[in-house]
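Enquirer: Mind having a look at this structure? Questions to follow.
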Amino acid sequence: MYTIRYILGAALIIILAVVWNYITTSLSVRTFSRELGLKNIAATKTIVQKIDTHAHFLPPFYYDTLKRMGLDKEGPLNSMPKWNAKDHLAFMDKLGIETAILCISSPGARLPGHTLQEAGTLAREVNNFGHMMAVTYLGRLQFFASLVLPDVEGSIDEAIRALDTLEAAEGIHPTPKRGHKYVVRQTRKSGSLSPKKMEVLNSRGATIFVHPHSLPDTLNLEVPPFIVDFLLDTTRAAATLVMNNVTARFPNLKWILGHSCGFMPFAGYRIGSALSLVTGESAESFLRELRRFYVDTAVSSSPSALPSTIAFLTTEHLIFGSDYPFAPNMVIERETAQLDTFLKLELDSWHQINHRNVARVFGSRLNNRRKKLR
Ligand SMILES: *[C@@H]1O[C@H](CO)[C@@H](O)[C@H](O)[C@H]1NC(C)=O
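One gets my numbering by counting positions in the sequence shown from 1 and adding 440 to each.
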C-alpha cells in the first residue's frame, strides 16, 4: 500500500530536542520593533525573547564532507550555505532572536554511499559539535541532535546519549528512501524493540522536529524539491503519523513540523475525513491528532499561509522559525516582518508564537535550565 510503502515519506529529519539553557542577552529588540513599526510591542518595554526552532548549522567538518562528495552544490539554490556562529548570532540580534535551536539540514547525516555505521559516526560528531556550540554560546545556541534512520535502535541510543550526556537534543535523519518507515511502522506493528525504545523517549516527553527532505523518488523534476516536494514530505509525515496512531500511542512526545507542516493545515479537514474513509475510524479522532502537531513559521508567514495555519491549529501551535542560513537573510527578514505585521494588533499571539509556545513545548526542561542559570 502506498502509504505504508512510503510510511513517513522521503527523507525527513526528525529531531528530538531536549536541552535548553536559557539566557540573558541584551538585544536591540526595541529598536527592532520600532523599525517594523510595532509600536504596541515596543511600548510594552518587555525584552522580546524570540526563540527560533528552525535554524540550521553546518559544522565545518560536515561542510567539508559535503564538499568532498560534491554535495555542496545540492542546496536549495545550488550551493550549500556556509555557517559560522558569529554571523548567525549577528543575524539573530538583528531579528530579535534570543535563542536558536540548531540542526543540520538536508541531506542529513546519512550521505549517499555511506553505511549506517558511517552515518552514525557522522551524526555523533555533529551532535558533539552541537554540544560545543551550546556550551560556548550558552542559552543563545542550542541544538537538536541528529539521528540516523533506519537504525532505530542506534538512533534512540544516540538520542539518549544526547539527552543525558550532551544535555542537548536528539534528532533522526532518515535515509532518503527508507527513512521513517521504520520508526513509524515498528512503533505500530510487531517491530520488536522500537516501541519500547519509543516509550523511552515518550517517557521523557522528548520533542521531535520533523524537517522535510526530497521525496524518495526524485524524478529529475525541473522544479527543485524544496519548492514543492518538501511541503508534501511533511504533510505526508503528519498523515502517516496519525494514520499509524503514533501520536496517540506516545502522547508525551511533542512534534514540531517544519515550514507550517507543508500544506497540512490547509488540507487538514480533507486529510482527516479521507483517513476516516480508508480506516473506518472517525474523522474527529484524526483531526484531534493532527491538531496535536506544532508547526513553525519558517518561510511560511505569507498572508495566505498564516490564516489557514491558525484556523486549523490555532496560534497555540505555531512557533517561530527562520530556516537560517538556508533561506537567504533577505527572505527571513521579509517573512519575519510579514509575521509581525499579521500579528500587529494581537500582542498576545505575538508572544505565543515568538517564544511562549516553545516554552510550553519544552516544558520542565526549559524551566529547569532557566533556574540553573539564575
Ligand atoms: C491508538 O492508541 C490509543 C492509545 O494507546 C488507543 O487507545 C487506541 O485504541 C489506538 N487506536 C487504534 C486505532 O489503534
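We treat Cβ as the ideally placed atom computed from N, Cα and C, and that holds for glycine. No experiment lies behind these values; they were computed from the predicted model shown.
1) Taking the straight line between their C-alpha atoms, what separation do you get for serine 654 and threonine 674?
2) If I'm right that phenylalanine 583 touches cysteine 543 with Cβ under 8 angstroms, what's the distance once you round it to whole angstroms?
3) Taking the beta strand (DSSP E) that tryptophan 695 falls in, what are its first and last residues?
4) Hey, how far is the Cα of glutamine 778 from the Cα of lysine 636?
5) Can you list, in chain order, the residues of its chain with a C-beta nearer than 7 angstroms to that of asparagine 769? Leave out the 5 residues immediately preceding and following it.
6) Can you tell me which of the three DSSP states histidine 795 falls into?
7) Restricting to Cα atoms, I'd like to know which of Gly510, Ala646 and Ile541 is closest to glycine 570.
8) Assign isoleucine 667 to buried or exposed, taking buried as 16 or more other Cβ atoms, counted over all protein chains shown, within 10 Å of its Cβ.
9) Just to confirm my understanding: we take alanine 678, look at its own chain, exclude 5 residues before and 5 after, and list those with CB closer than 7 angstroms. What are they?
10) Does the Cβ-Cβ distance between glutamate 775 and serine 722 come in under 7 angstroms?
11) Give every residue of the same chain whose Cβ lies closer than 8 angstroms to the Cβ of valine 640, excluding the five residues on either side of it in the sequence, and list them in chain order.
12) Is the Cβ-Cβ distance between phenylalanine 726 and glycine 712 less than 7 angstroms?
13) Is alanine 678 near ligand 1, judged by its Cβ being under 6 angstroms from some heavy atom?
14) Could you tell me which whole alpha helix (DSSP H) segments of length 4 or greater appear in the segment 547–589?
15) Quick one, which of His496, Met573, Pro552 and Glu565 has its alpha-carbon nearest serine 545's?
16) State the start and end residues of the unbroken alpha helix (DSSP H) segment that holds aspartate 673.
17) Just to confirm, is the Cβ distance from alanine 738 to aspartate 763 under 7 angstroms?
18) With the cut-off set at 7 angstroms, would you say histidine 494 and glycine 761 are in Cβ contact?
Expert: Inspection of the coordinates gives the following:
1) As a position in the sequence shown, residue 654 is number 214, starting the count at 1. As a position in the sequence shown, residue 674 is number 234, starting the count at 1. Near 10 angstroms, if we compare the C-alpha coordinates of threonine 674 and serine 654.
2) The count along the sequence shown starts at 1 and reaches residue 583 at position 143. The count along the sequence shown starts at 1 and reaches residue 543 at position 103. 6 angstroms between Cβ atoms; contact.
3) Taking the first residue of the sequence shown as position 1, residue 695 is located at position 255. Segment 694–697, the beta strand (DSSP E) holding tryptophan 695.
4) The count along the sequence shown starts at 1 and reaches residue 778 at position 338. The count along the sequence shown starts at 1 and reaches residue 636 at position 196. Taking the straight line from one Cα to the other gives about 43 angstroms.
5) The count along the sequence shown starts at 1 and reaches residue 769 at position 329. Hits under 7 angstroms: Phe531.
6) As a first step, residue 795 must be located in the sequence shown, where it is residue number 355. In the displayed model, histidine 795 falls within a helix according to three-state DSSP.
7) To locate residue 570, count along the sequence shown from 1; it is residue 130. The shortest Cα separation from glycine 570 among Gly510, Ala646 and Ile541 belongs to Ile541.
8) Here residue 667 is taken as the residue at index 227 of the sequence shown, counted from 1. By the neighbour-count rule (16 or more Cβ atoms within 10 Å), isoleucine 667 is not buried but exposed.
9) In the sequence shown, counting from the first residue as 1, residue 678 sits at position 238. Leu697, Cys701, Met704, Leu730 and Phe733.
10) To locate residue 775, count along the sequence shown from 1; it is residue 335. To locate residue 722, count along the sequence shown from 1; it is residue 282. Not closer than 7 angstroms, so no.
11) Start at 1 with the first residue of the sequence shown, and residue 640 comes out as number 200. Only Ile596 and Ile600 meet the Cβ criterion.
12) As a position in the sequence shown, residue 726 is number 286, starting the count at 1. As a position in the sequence shown, residue 712 is number 272, starting the count at 1. Their beta carbons are under 7 angstroms apart, which means phenylalanine 726 touches glycine 712 by this criterion.
13) Numbered from 1 along the sequence shown, position 238 holds the residue referred to as residue 678. No, the beta carbon of alanine 678 sits no closer than 6 angstroms to any heavy atom of ligand 1.
14) The alpha helix (DSSP H) runs lying completely inside the segment 547–589 and spanning 4 residues or more are 556–576, given in chain order.
15) Taking the sequence shown and counting its residues from 1, one reaches residue 545 at position 105. Minimum Cα distance to serine 545 is reached at His496.
16) On the sequence shown, position 233 is the one that residue 673 refers to. Per DSSP, aspartate 673 belongs to the alpha helix (DSSP H) from 669–683.
17) Against the sequence shown, residue 738 aligns to sequence position 298. Against the sequence shown, residue 763 aligns to sequence position 323. In this structure, aspartate 763 lies closer than 7 angstroms to alanine 738 by Cβ.
18) Taking the first residue of the sequence shown as 1, we reach residue 494 at position 54. Taking the first residue of the sequence shown as 1, we reach residue 761 at position 321. Contact flag set, yes.
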